[in-house]
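Below: the structure, in structure tokens.
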Amino acid sequence: MAVFINVAIYIYFSSYSILSSLIIISSLCLILSSLIDAIKTKDKFNIVNFSRITSHLGFGLMIFFIGINHNFSIEKDFNLKVGEERNFKDFKINFSSLDIKENKNYKAIVGKFLITEKKSNNKNILEPEIRIYNKPETLTYEASIRTKFSSDTYLTMSNISRSDYYNIKFQKKPFMLWIWISAILISMGGFIRLIKIKKINEI
Amino acid sequence: MLSNIGTTLVIFTLFISFFIINASFVDLKNTNKLVSKKLYKFSLLQSTFIIVAFFTLITSFVVSDFSVINVFQNSHSTKPLFYKIVGTWGNHEGSLLLWINILVIFSYLFLLYNKNSKKNYRLYTLVIQNLLIIVFLVFLLINSNPFSPIYPVPVEGLGLNPILQDPALAVHPPLLYIGFVGSSIYFSAATASLLTSYKGKFFAASIKSWVLISWCFQTLGIIVGSIWAYYELGWGGFWFWDPVENASLLPWFVITALMHSIILLEKRDTAYHWTIILCLLAFTLSVTGTFLVRSGILNSVHTFANDPSRGLYMLFFLSVMILSSVSIFFKKLTKESYNFSTYSKETLILVNNWFMAFFLFTVLIGTIYPIFSEVLTETKVSVGPPYYNIVIIPLLIPFCFDGYWPNMSWVKIIT
Chain A
63 MAVFINVAIY
73 IYFSSYSILS
83 SLIIISSLCL
93 ILSSLIDAIK
103 TKDKFNIVNF
113 SRITSHLGFG
123 LMIFFIGINH
133 NFSIEKDFNL
143 KVGEERNFKD
153 FKINFSSLDI
163 KENKNYKAIV
173 GKFLITEKKS
183 NNKNILEPEI
193 RIYNKPETLT
203 YEASIRTKFS
213 SDTYLTMSNI
223 SRSDYYNIKF
233 QKKPFMLWIW
243 ISAILISMGG
253 FIRLIKIKKI
263 NEI
Chain B
3 MLSNIGTTLV
13 IFTLFISFFI
23 INASFVDLKN
33 TNKLVSKKLY
43 KFSLLQSTFI
53 IVAFFTLITS
63 FVVSDFSVIN
73 VFQNSHSTKP
83 LFYKIVGTWG
93 NHEGSLLLWI
103 NILVIFSYLF
113 LLYNKNSKKN
123 YRLYTLVIQN
133 LLIIVFLVFL
143 LINSNPFSPI
153 YPVPVEGLGL
163 NPILQDPALA
173 VHPPLLYIGF
183 VGSSIYFSAA
193 TASLLTSYKG
203 KFFAASIKSW
213 VLISWCFQTL
223 GIIVGSIWAY
233 YELGWGGFWF
243 WDPVENASLL
253 PWFVITALMH
263 SIILLEKRDT
273 AYHWTIILCL
283 LAFTLSVTGT
293 FLVRSGILNS
303 VHTFANDPSR
313 GLYMLFFLSV
323 MILSSVSIFF
333 KKLTKESYNF
343 STYSKETLIL
353 VNNWFMAFFL
363 FTVLIGTIYP
373 IFSEVLTETK
383 VSVGPPYYNI
393 VIIPLLIPFC
403 FDGYWPNMSW
413 VKIIT
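Line order of the protein sequences matches chains A and B.
Add 62 to the 1-based position in the first sequence for the numbering used here, that's all there is to it.
Add 2 to the 1-based position in the second sequence for the numbering used here, that's all there is to it.
And the structure:
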């Protein structure tokens, strides 16, 4: 199974890493251990057993997704001005426009970026902001994040003084959503266990 | 007006804490097996006063009472109501009051829900917990009073840090605090256990629920914080190894280890002293993390409330807490057998604890190394992700295999 998963990862990401392979194998072992635990446990729906299995499974999944995320994230750092386009191996980024929006307690410089994935021709519009707050006077950089089932597309922009150019940080991060879900699963296991607390104290 | 009400309520809470300690010692001399009803009443009163004090502070923020310096510094009349309310704990003083609220509420709940435990053990737990409450109340009144007035009264407030104007502020600090401060109750219980020799599975059963509660909330608090940093701070990842993030992770490693070691104590009546060490360490690291973050010793983009003047008080308290708990521990230390069979559930649970200890020391060294480096060599260094990746990832691989322990059998201790 570990070999199959590694081959699938190689095909999906078009790259391979020994470290990620080891992490994936070990996390799969933990996931399988939790599943064996679930099968072997006589009283599967007993809250104590269910909570333990949930947390351990969540931890295994979290390591699995972190392993993939850590090794297969794409990060690009570059400068761009309005109207320009940057081409990379799998995608291109177009800086379409720049707008100013007035809000109650801040003013925002909003950039509009068109991200095109070359393989699938999928298009995403990301709108990062630079906010200027007046109470108190502070500058903040708001990331624009497009969360999908299999990956997050993430973009921030910051101004370069005395220049029309903006510094762009672009990231493609696989399985971000699943890292959060598996981490929540870990704590859910604990919360499930809390249901049984009162009864334990009574014994 | 609200400033005076708040300060008065905090002072009342302080006096009640002294009454509780005194009444506990009086009750210890009483041969009756039940805890005096007076203590329940005092504890309830103490909780009521501190909760009302906290709501007084919330009211000050809601009505934009700028005669309170804390409201003036952290709020603004045009701010949405939601951020006025959650802004109450978005600063050092308000969050310290929230911290004390949790200390007091846990103290009362422990007294209320541990009626099956031995009387002197419960009373000593109450005494130690109230000593902690007193220390934090004194700190609040002397150094960090959220109700301090300001004259003349300003017309408008300075506003809340925009980074904090996020819905996550409503849940992240309270969740983390329940986790951090919740560990105080088993710190007190562990010390009381040493003092009263209330050991084994009875001790394990008495703290298990509290360990679980604090672990659940702390885990969720860390996750919410991590998601917040990803979306709001623009860090671009799930974990940044920032000193403030690390400070929250240190007690988490200990509490996770404790959740596992407590199974050994409850099921096999072993690893008592190790469990005690973890109980003491969990709260000590929670306070250490708070000290590092709030004293301004650690620089982080994540630090929203630091002031070096607080550091000295917290360092003194931390030193006293560590020295007194360690001295009690060594005074009461007795020989304990750990002769387990190699391939047993017991061994794998202990191995889990070794891994947790390793992760703890790795993160601790990475977090405090820049401080020592700056003091000793006057060179500023920052420890970043490469260090953690190199040290932690290789060990994470065998750690995952240790997760097989639930499928192993309990083996009798070899004598």
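The C-beta atom is built at its ideal place from N, Cα and C for all residues, glycine as well.
Practice prompt. Under 7 Å between beta-carbons, which chain B residues line up against F253(A)? List them in chain order, please.
Written response: Result: C218.
Discussion item. Do E146(A) and F157(A) count as a contact pair if the criterion is CB distance below 7 Å?
Written reply: Cβ atoms of F157(A) and E146(A): closer than 7 Å.
Worksheet item: Using Cβ-Cβ distances below 7 Å, what residues of the segment 364-397 of chain B are close to chain A?
Response: Only those residues of the segment 364-397 of chain B whose C-beta falls short of 7 Å from the nearest C-beta of chain A are listed: I395.
Item to complete: Please check the pair L178(B) and Q131(B), which I expect to be a contact at CB under 8 Å, by giving their CB distance rounded to whole angstroms.
Response: Not confirmed; about 20 Å, so no contact.
Fill in: Inter-stretch contact (C-beta, 8 Å, three-pair minimum) for the segment 111-123 of chain B and the segment 231-246 of chain A
Remark: fewer than three beta-carbon pairs, one from each stretch, lie closer than 8 Å, so the segment 111-123 of chain B and the segment 231-246 of chain A are not flagged as touching.
Worksheet item: When the Cα atoms are used, what is the spatial distance from L398(B) to I246(A)?
Response: Rounded to the nearest angstrom, the two C-alpha atoms are 20 Å apart.
Worksheet item: Considering only C-alpha positions, which residue in the set L222(B), I370(B), S321(B) and P253(B) is nearest to L294(B)?
Response: When each option's Cα is compared against that of L294(B), the closest is I370(B).
Worksheet entry | Alpha carbon of F403(B) to alpha carbon of F112(A), nearest angstrom | One C-alpha to the other measures close to 20 Å.
Worksheet item: With 16 other CB atoms within 10 Å as the buried threshold, where does V157(B) fall?
Response: Counting C-beta atoms within 10 angstroms of its own C-beta, V157(B) has fewer than 16 neighbours from the protein chains shown and is therefore classed as exposed.
Worksheet item: Beta-carbon of T221(B) versus every beta-carbon of chain A: anything under 7 Å?
Response: Interface criterion met: the Cβ of T221(B) is under 7 Å from a Cβ in chain A.
Worksheet item: If you draw a straight line from the C-alpha of T33(B) to the C-alpha of Q48(B), how long is it?
Response: Inter-residue distance for T33(B) and Q48(B) is about 26 Å (C-alpha atoms, whole angstroms).
Worksheet entry | Cutoff 7 Å: S249(A) Cβ touching any chain B Cβ | Chain B contact via Cβ: present.
Discussion item. For a quick check, are the C-beta atoms of F175(A) and L201(A) less than 7 Å apart?
Written reply: Result no, Cβ atoms of F175(A) and L201(A) do not sit closer than 7 Å.
Worksheet item: Where DSSP assigns a beta bridge to T349(B), which residues make up the other side?
Response: Beta-bridge pairing links T349(B) to no other residue.
Worksheet item: What residues in the segment 72-91 of chain B bring their beta carbon closer than 8 Å to a beta carbon of chain A?
Response: Result list: H78, T80 and K81.
Worksheet item: How many Å lie between K102(A) and W254(B) at the Cα?
Response: Across the structure, K102(A) and W254(B) are spaced so that their CA atoms are roughly 29 Å apart.
Worksheet entry | Per-residue DSSP class, three states only, for T417(B) | In this prediction, T417(B) has a pLDDT of 46, which is less than 50 and means its spatial position is unreliable; what the coordinates show is noted afterwards. Three-state result, T417(B): coil.
Worksheet item: Can you find a C-beta in chain B that's less than 7 Å from the C-beta of T215(A)?
Response: T215(A) does not count as touching chain B.
Worksheet item: Anyone know if the C-beta pair for L196(B) and K337(B) falls short of 7 Å?
Response: No.
Item to complete: State the Cα-Cα distance for the pair S2(B) and I144(B), rounded to the nearest angstrom.
Response: Absent from the structure is residue 2(B), since the part of chain B shown begins at 3 and ends at 417.
Discussion item. Excluding the 5 residues flanking K40(B) on each side, which residues of the same chain have their C-beta closer than 7 Å to its C-beta?
Written reply: Only A25 meet the Cβ criterion.
Worksheet item: Looking only at C-alpha atoms, which of F63(B), I187(B), T80(B) and P175(B) sits nearest to Y123(B)?
Response: Distances from the CA of Y123(B) to each of F63(B), I187(B), T80(B) and P175(B) were compared; the closest alpha carbon is that of I187(B).
Practice prompt. With a 10 Å radius around its C-beta and 16 neighbouring C-beta atoms as the bar for buried, classify Y228(A) as buried or exposed.
Written response: Result: buried.
Item to complete: Kindly confirm or deny that the segment 205-224 of chain A and the segment 182-196 of chain A touch, where touching means at least three C-beta pairs closer than 8 Å.
Response: With the cut-off at 8 Å, the segment 205-224 of chain A and the segment 182-196 of chain A touch.
Practice prompt. Can you give me the Cβ contacts of S62(B) inside the same chain, cut-off strictly under 7 Å, excluding the 5 residues immediately before and after it?
Written response: Taking S62(B) as the centre and dropping the five residues before and after it, the same chain places the C-beta of L4, V70 and V73 closer than 7 Å to its C-beta, in chain order.
Discussion item. With distance defined between alpha-carbon atoms, name the residue in F374(B), H262(B), L100(B) and L362(B) nearest to I252(B).
Written reply: The sequence shown places Leu at residue 252(B), not Ile. Looking at the Cα atoms, L362(B) is the closest of the given residues.
Fill in: Residues that P236(A) bridges to, as DSSP identifies them
For P236(A), which the question treats as bridged, DSSP gives the partners S213(A).
Worksheet item: In whole angstroms, what separates the C-alpha of I373(B) from that of K201(B)?
Response: So the alpha carbons of these two residues sit roughly 39 Å apart.
Discussion item. Please list, in chain order, the chain A residues whose beta carbon lies closer than 7 Å to that of S142(B).
Written reply: The sequence shown places Leu at residue 142(B), not Ser. Within chain A, no residue comes near L142(B); the closest Cβ sits about 25 Å away, beyond 7 Å.
Practice prompt. Identify, in the order they occur along the chain, each residue of the same chain with its Cβ nearer than 8 Å to the Cβ of F108(B), setting aside the five sequence neighbours on each side.
Written response: Excluding the 5 residues flanking it on each side, F108(B) has same chain C-beta neighbours closer than 8 Å at Q131, V183, G184, S186, I187 and W212, in chain order.
Practice prompt. Would you mind telling me which residues of chain A sit closer than 8 Å to L214(B), beta carbon to beta carbon, in chain order?
Written response: Per Cβ cutoff of 8 Å: G252, R255, L256 and I259.
Worksheet item: Would you say S184(B) reaches chain A, if we count a Cβ-Cβ gap shorter than 7 Å as a contact?
Response: The sequence shown places Gly at residue 184(B), not Ser. No, G184(B) does not count as interfacial toward chain A.
Item to complete: Please report how far the alpha carbon of G227(B) lies from the alpha carbon of I125(A), in whole angstroms.
Response: Rounded to whole angstroms, G227(B) to I125(A) spans 19 Å at the Cα level.
Discussion item. Rounded to the nearest angstrom, what separates T9(B) and P175(B) at their Cα positions?
Written reply: Roughly 23 Å separates the two Cα atoms.
Worksheet item: Given P151(B), which residues of its chain have a CB within under 6 Å of its CB, disregarding the five upstream and five downstream residues?
Response: Counting only Cβ-Cβ distances below 6 Å, and skipping sequence neighbours, we find S5 and S69.
Worksheet entry | R148(A), DSSP secondary structure in three states | Reduced to three states, the DSSP call for R148(A) is strand.
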